[in-house]
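A.B. asks: My questions will all concern the structure given below.
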Amino acid sequence: MDEVREKMKNFLINSDTSGIELGAFLANRFPAPYAPYVVCLPPVIGTRKTVLLLLLLPLLLFLGALFTTPIGRRVPLLATLFANEDCILTMPSQLQKAFRPPESCGFCRSVHGTVPRLANVDPAEFARDYAYRGGPVIVTDATTNWTAMERFDYWFFKRVYETHGDGPKAERCQFFPYQTGLRDIREALSLPEPRVRYEPGTKPWYFGWSNCDPAIVRVLREHYQRPYFLPRDAENSAIDWVDNVRLPSWQSQLKGAKEWILAPPPECLYQCEFLSVTVHTGETIVLDTNKWYHKTNVLPGPISITVGAEYD
1 MDEVREKMKN FLINSDTSGI ELGAFLANRF PAPYAPYVVC LPPVIGTRKT
51 VLLLLLLPLL LFLGALFTTP IGRRVPLLAT LFANEDCILT MPSQLQKAFR
101 PPESCGFCRS VHGTVPRLAN VDPAEFARDY AYRGGPVIVT DATTNWTAME
151 RFDYWFFKRV YETHGDGPKA ERCQFFPYQT GLRDIREALS LPEPRVRYEP
201 GTKPWYFGWS NCDPAIVRVL REHYQRPYFL PRDAENSAID WVDNVRLPSW
251 QSQLKGAKEW ILAPPPECLY QCEFLSVTVH TGETIVLDTN KWYHKTNVLP
301 GPISITVGAE YD
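Numbering (UniProt numbering), first residue to last: 1 to 312.
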């Protein structure tokens with residue numbers, strides 16, 4: 001039991017990278033004219049009134065987001081406020097884990113030691129043996145003919161966004177700042193060049209972008225295709241993503257290398273193993289991240305760039 005607890009502690013599954021505190025959430029998303037909705041509570045009031053105000057605060061924020069109109073033009077503030085959130089109110093991460101339905105453990109019981117690496121795999125074979133079993137599995141040759149391997153870099157994405165990303169759809173695509181402090185994709189693609197190059201003294205950066213803009217999708221997919229090994233009857237998501245998915249998914253390592261550390265859910269700790277695997281440039285990892293607890297470490301060397309999508 002102590003060994004299992006130590007593994008879970010080292011794995012850091014209790015860290016919350018998808019949520020931020022309410023105060024920071026509101027401060028980051030309300031422009032200055034709306035700050036009073038957040039901060040204007042009387043300094044000295046009775047306990048009963050304090051409780052009442054706290055109970056009414058979510059309603060006031062919601063109404064303010066719906067009906068407040070800045071001078072000169074109306075801004076869809078509610079859409080802007082929650083553009084990068086899956087839910088208006090997010091359940092704390094520990095409660096999410098508590099109410100998660102238990103897994104049967106069959107997806108991980110047969111995985112021992114190493115993650116399978118495949119090449120030139122037939123889609124029918126992949127569908128039968130790997131596609132829907134939860135993974136993980138690595139396909140080493142899926143990106144062989146992709147021009148994304150050479151073309152995709154920070155500056156490429158910056159040019160694409162500056163050319164096609166000024167529409168409302170691009171602004172509302174989900175953005176994953178993780179813990180970098182970046183507010184949106186526009187800010188992420190406006191970093192000073194020394195920081196982009198990770199020069200000494202600059203802050204590290206790491207972000208994900210779930211692109212949902214059709215114009216940008218067309219540009220990106222000129223440089224990569226649906227992985228050849230996916231089952232022919234599988235539907236590929238129209239959204240390009242990096243994380244936060246609901247179905248089995250693939251992720252191709254276009255540049256750099258990334259270590260994946262996978263842990264079974266708590267109910268499977270005595271039946272399944274912890275896994276560690278490195279995905280190298282040009283390789284594609286396939287797994288169901290709804291079943292595996294996972295974290296990734298970008299390894300020293302070139303910047304890490306990945307692209308992926310869900311499939312069903």
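The beta-carbon is built from N, C-alpha and C at its ideal position, and this holds for glycine as well.
Determine the DSSP secondary structure at W292, reduced to helix, strand or coil.
C.D. replies: If DSSP states are grouped into helix, strand and coil, W292 belongs with coil.
A.B. asks: Given that a residue counts as buried once 16 or more other Cβ atoms are within 10 Å of its Cβ, and exposed if not, what is Q251?
C.D. replies: Result: buried.
A.B. asks: Given that a residue counts as buried once 16 or more other Cβ atoms are within 10 Å of its Cβ, and exposed if not, what is A238?
C.D. replies: Residue placement at A238 is poorly supported in this model, since its pLDDT is 48, which falls under 50; the coordinates are not used for a value here.
A.B. asks: In whole angstroms, give me the CA-to-CA distance for E259 and A148.
C.D. replies: Distance between the alpha carbons of E259 and A148: 21 Å.
A.B. asks: At which residues does the alpha helix (DSSP H) containing V160 begin and terminate?
C.D. replies: First-last of the alpha helix (DSSP H) with V160: 154–164.
A.B. asks: Pull up the CB-CB distance for D213 and H164, whole angstroms please, since I reckon it's below 8 Å.
C.D. replies: With a Cβ gap of about 7 Å, D213 and H164 count as contacting.
A.B. asks: Step through the CB atoms of chain C and report whether any lies within less than 8 Å of the CB of P101.
C.D. replies: You won't find chain C in this structure, because it holds only one protein chain.
A.B. asks: Can the beta-carbon of P265 be found less than 8 Å from the beta-carbon of Y132?
C.D. replies: Contact flag unset, no.
A.B. asks: Does DSSP classify F229 as helix, strand or coil?
C.D. replies: Residue state, collapsed to three classes: coil.
A.B. asks: What three-state label does DSSP hand I305 in the structure shown?
C.D. replies: Correct three-state label for I305: strand.
A.B. asks: Starting from the C-beta of S304, find all residues in its chain whose C-beta is less than 8 Å away, skip the five residues before and the five after it, and write them out in chain order.
C.D. replies: These residues qualify, in order along the chain: Q253, K255, G256, A257, K258, V298.
A.B. asks: When you compare only the Cα positions, how much space is there between E162 and Y311?
C.D. replies: If you take the alpha carbons of E162 and Y311, they lie about 29 Å apart.
A.B. asks: Should D122 go down as buried or exposed, given a rule of 16 or more other Cβ atoms within 10 Å for buried?
C.D. replies: Exposed, because fewer than 16 other Cβ atoms sit within 10 Å of the Cβ of D122.
A.B. asks: If you draw a straight line from the C-alpha of R218 to the C-alpha of P136, how long is it?
C.D. replies: So the two alpha carbons sit approximately 29 Å from each other.
A.B. asks: Measuring alpha carbon to alpha carbon, tell me which residue in T296, K291, L269 is nearest V277.
C.D. replies: For V277, the nearest C-alpha among the options comes from T296.
A.B. asks: For F107, report the span of its alpha helix (DSSP H) as first-last.
C.D. replies: It spans 106–109 - the alpha helix (DSSP H) in which F107 sits, taken as one unbroken run.
A.B. asks: State the Cα-Cα distance for the pair G181 and K158, rounded to the nearest angstrom.
C.D. replies: About 19 Å.
A.B. asks: Is V286 near I216, with beta carbons less than 8 Å apart?
C.D. replies: No, they are not a contact pair.
A.B. asks: With respect to the alpha helix (DSSP H) encompassing L220, which residues constitute its N-terminal and C-terminal limits?
C.D. replies: Looking at the DSSP string, the run of the alpha helix (DSSP H) that includes L220 is 214–220.
A.B. asks: Check for me: the alpha helix (DSSP H) holding F126 runs from which residue to which?
C.D. replies: Taken as a continuous stretch (DSSP letters only), the alpha helix (DSSP H) holding F126 covers 123–126.
A.B. asks: Among P102, D233, L262, T143, whose alpha-carbon lies nearest the alpha-carbon of Y224?
C.D. replies: Ranking P102, D233, L262, T143 by Cα distance to Y224 puts T143 first.
A.B. asks: Taking the alpha carbon of K291 as the reference point, which residue from G134, H112, V115, F176 has its own alpha carbon closest?
C.D. replies: For K291, the nearest C-alpha among the options comes from G134.
A.B. asks: Under the three-state reduction of DSSP, which class applies to E103: helix, strand or coil?
C.D. replies: Three-state DSSP puts E103 in coil, outside helix and strand.
A.B. asks: For W209, is the classification buried or exposed, using 16 other Cβ atoms within 10 angstroms of its Cβ as the cut-off for buried?
C.D. replies: Label assigned to W209: buried.
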